[in-house]
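Enquirer: Going by the working numbering, the first residue of the sequence shown is number 126, and it counts up by one from there.
This is the structure, below, for whatever I ask next.
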Amino acid sequence: MKKDAHPQYQPVIFNDLSSGEKVLTRTTATSDKTMEWEDGTTYPVIDVEISAASHPFYTGKQRIMDSAGRVDKFNKRFKGFGKKS
126 MKKDAHPQYQ PVIFNDLSSG EKVLTRTTAT SDKTMEWEDG TTYPVIDVEI SAASHPFYTG
186 KQRIMDSAGR VDKFNKRFKG FGKKS
């Protein structure tokens, strides 16, 4: 196998800016920003705006849209479409 063909795989902290949740995982992504983890070791930090801790699909806090108005508008617009005269 060629040397230096693959990026370095290292532990990194992903910091969710919306919820404040932090996750220590491994990745090939790097960062100049660092943070001390719970075990006292310093790791690079990657800030993310959305993670499973803050995404509406995973938290169950989805917005419910009122689609009744859209359906009525669609039906009104295509009321006579496809009818044979």
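Every residue gets a Cβ at the ideal spot worked out from N, C-alpha and C, and that includes glycine.
Can you check DSSP and say which residues form a bridge with Asp-164?
Expert: DSSP, once it has assigned bridges, lists no residue as partnering Asp-164.
Enquirer: What's the C-alpha gap between His-180 and Glu-161?
Expert: Their Cα atoms are separated by approximately 25 angstroms.
Enquirer: Drop a sphere of 10 angstroms on the beta-carbon of Val-137, count the other beta-carbons inside from all chains shown, and report buried for 16 or more, exposed for fewer.
Expert: buried
Enquirer: Using the three-state DSSP reduction, which class does Lys-128 fall into: helix, strand or coil?
Expert: coil
Enquirer: Output the residue ranges of the beta strand (DSSP E) runs that lie fully inside the region 133-160 and measure 3 residues or longer, sorted by chain position.
Expert: 135-141 and 147-152
Enquirer: Could you check the C-alpha separation between Gln-133 and Thr-153 for me, to the nearest Å?
Expert: 6 angstroms
Enquirer: Between Val-170 and Leu-142, which are expected to be in contact by the criterion C-beta below 8 angstroms, what is the C-beta distance as a whole number of angstroms?
Expert: Contact doesn't hold; Cβ gap of about 11 angstroms is too wide.
Enquirer: To the nearest angstrom, how far is the alpha carbon of Thr-117 from that of Lys-128?
Expert: Outside the modelled stretch of the chain, which goes from 126 to 210, sits residue 117, for which no answer is possible.
Enquirer: Could you say which of Ser-156, Asp-157 and Ala-177 lies nearest to Glu-146 if we only look at CA atoms?
Expert: Measuring from the Cα of Glu-146, the nearest candidate turns out to be Ala-177.
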